[in-house]
Amino acid sequence: MFHSIETSILRGLRSAIFGVVIGAVSVPAPALAHEVVVDEPSAIVQALTVTLLTEEYRPFNYLDENGHLRGIGAEVVQAMAAHIGYGKPIQSMAWKRVLQRIDEEENIAVFSMTRTPQREDSYHWVGPIVPANAGIYQLENTPHPVQSLNDLRNAGSIGVQAGGADEQALRSYGFENLEPIHNPRGGVHMLATGRIDLLVSSDVELFEQLVESPLTRSDIEMVYQFSSGDLYLAFSKNTSDVVVKVWQDAYDHIRSHGQFDRVMSQYGVIQGQQPRISESLSVSQ
């Protein structure tokens, strides 16, 4: 899913927090080699032949108790699919198998995939279907809020997913005040009860954890934001420009008609956050 970092941060945002976050980048969609016309029936027919694949990774893509595909990435892709009349079932499988199929088969589309420089030329990209907002959070009413990278290094403890890419990245920057969290859904509770002073997370993860917490989103503020690594619908390299353009147009349609924003709000995505710390670990420390 965030899947570049998918085995840790979006196994960690966790293949959403640092992986979406320290190593990934957000890049504009490349221009197609030539002008593509998508309003012909044949273009739609070609687009409907695509096989959509995903994995189960809550809250991005997952099967609910009734076997229905849910999640922020899934619902964006489902809205795009409905716009063009796509009716094939979306298949969910292990991420390793998903990557194998998109690399070896024709007309495969996969979500939700982190777009990284290493992957840029291997696939065609449509989206972003999920913006990545991940970083370090603290309670809004903290008596002595962190204001700088030096404050972060000297804070009492920073909760971070145990063994994830985010923990590894922070340790590589010399952070020694990390508190590994072995239960990924327990971070907000630890923050609320004072067991940790700061928490590495994403707005999507926070939103889900706050449902079971006495805190609200306004009780938590971002103090440091990791570099962006948005999630996309990725198409196998041999997919035709026509097919990719039809799906991109579907994405543009749901954005311009408000469907995209409604899905984002349902999953707690907050755009335009202003973290307290503007310095970058990657360039300064």
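Take the position in the sequence shown, starting the count at 1, then add 6; the result is the number in the numbering used here.
For every residue, glycine included, the Cβ atom is placed at its ideal position computed from N, Cα and C.
Cβ neighbour criterion (16 or more within 10 Å) applied to residue i
| i | result |
| --- | --- |
| Lys251 | buried |
| Ser242 | buried |
| Val27 | Residue placement at Val27 cannot be trusted, given a pLDDT of 37 that sits under 50; the coordinates are not used to answer. |
| Ala85 | buried |
| Pro149 | exposed |
| Val194 | buried |
| Gln231 | buried |
| Gln279 | exposed |
One or two residues paired with residue i in a DSSP bridge
| i | result |
| --- | --- |
| Arg76 | Tyr68 |
| Val166 | Pro186 |
| Thr57 | Ile114 |
| Thr120 | Leu237 |
| Leu204 | Ile164 |
| Ile135 | Partner(s): none; Ile135 has no beta bridge. |
| Leu145 | Ile226 |
| His130 | Phe241 |
| Tyr63 | Asn67 |
Member of the options whose CA lies at the smallest distance from the CA of residue i
| i | options | result |
| --- | --- | --- |
| Leu212 | Asn139, Pro149, Thr245 | Asn139 |
| Ser128 | Gly264, Met119, Arg76 | Met119 |
| Glu61 | Ile108, Val51, Gly93 | Ile108 |
| Glu285 | Glu173, Ser208, Leu155 | Leu155 |
| Ala88 | Ser271, Ala256, Gln231, Val51 | Ala256 |
| Pro186 | Arg64, Leu216, Tyr68, Val166 | Val166 |
| Tyr92 | Ala115, Glu71, Gln106, Trp101 | Ala115 |
| Ala80 | Ala49, Glu71, Val51, Phe117 | Phe117 |
| Val51 | Leu221, Gly180, Thr122, Lys94 | Lys94 |
| Leu287 | Gln277, Val229, Gln272, His263 | Val229 |
| Trp131 | Leu184, Asn244, His263, Gln265 | Asn244 |
| Pro137 | Leu205, Val82, His74, Arg282 | Val82 |
| Gln277 | Leu221, Thr222, His263, Ser208 | Ser208 |
| Ser98 | Glu111, Gly73, Glu182 | Gly73 |
| Thr199 | Lys102, Phe181, Leu75, Leu221 | Leu221 |
Straight-line gap, residue i to residue j (C-alpha atoms, nearest Å)
| i | j | result |
| --- | --- | --- |
| Ala39 | Gln254 | Confidence in Ala39 is poor, its pLDDT being 41 and thus under 50, which makes the residue's placement unreliable; the coordinate value appears in the next sentence. Ala39 and Gln254: Cα-Cα distance of roughly 15 angstroms. |
| Val249 | Leu176 | 40 angstroms |
| Thr57 | Pro47 | 19 angstroms |
| Val269 | Gly77 | 9 angstroms |
| Arg261 | Asp267 | 7 angstroms |
| Ser163 | Ser178 | 16 angstroms |
| Arg293 | Tyr238 | Outside the shown range of the chain, which is 7 to 291, sits residue 293, and nothing can be said about it. |
| Leu158 | Asn113 | 46 angstroms |
| Gly1 | His259 | An answer regarding residue 1 cannot be provided, because it is not within the stretch 7 to 291 covered by the chain. |
| Glu71 | Pro151 | 41 angstroms |
| Arg191 | Thr122 | 27 angstroms |
| Arg282 | Gln153 | 6 angstroms |
| Ala37 | Gln272 | In this prediction, Ala37 has a pLDDT of 44, which is less than 50 and means its spatial position is unreliable; what the coordinates show is noted afterwards. Their Cα atoms are separated by approximately 31 angstroms. |
| Gln265 | Ala49 | 23 angstroms |
| Asn67 | Ile135 | 12 angstroms |
Beta-carbon separation (whole angstroms), residue i vs residue j, contact threshold 8 angstroms
| i | j | result |
| --- | --- | --- |
| Val210 | Gly141 | That belief does not hold up - the Cβ atoms of Val210 and Gly141 are roughly 12 angstroms apart, past 8 angstroms. |
| Ala240 | Asp203 | Between Asp203 and Ala240 the Cβ distance is about 37 angstroms, and since that is not below 8 angstroms, they are no contact. |
| Leu54 | Ile96 | With a Cβ gap of about 13 angstroms, Leu54 and Ile96 do not count as contacting. |
| Tyr143 | Glu227 | 7 angstroms |
| Gly133 | Asp247 | Contact doesn't hold; Cβ gap of about 16 angstroms is too wide. |
| Glu146 | Ser224 | 7 angstroms |
| Val104 | Leu69 | At roughly 15 angstroms, the Cβ-Cβ gap does not stay under 8 angstroms, so Val104 and Leu69 are not in contact. |
| Val206 | Asp172 | 5 angstroms |
Contact test: residue i Cβ vs the ligand NAP heavy atom, cutoff 6 angstroms
| i | result |
| --- | --- |
| Val152 | The ligand NAP is not part of this structure, which contains no ligands at all. |
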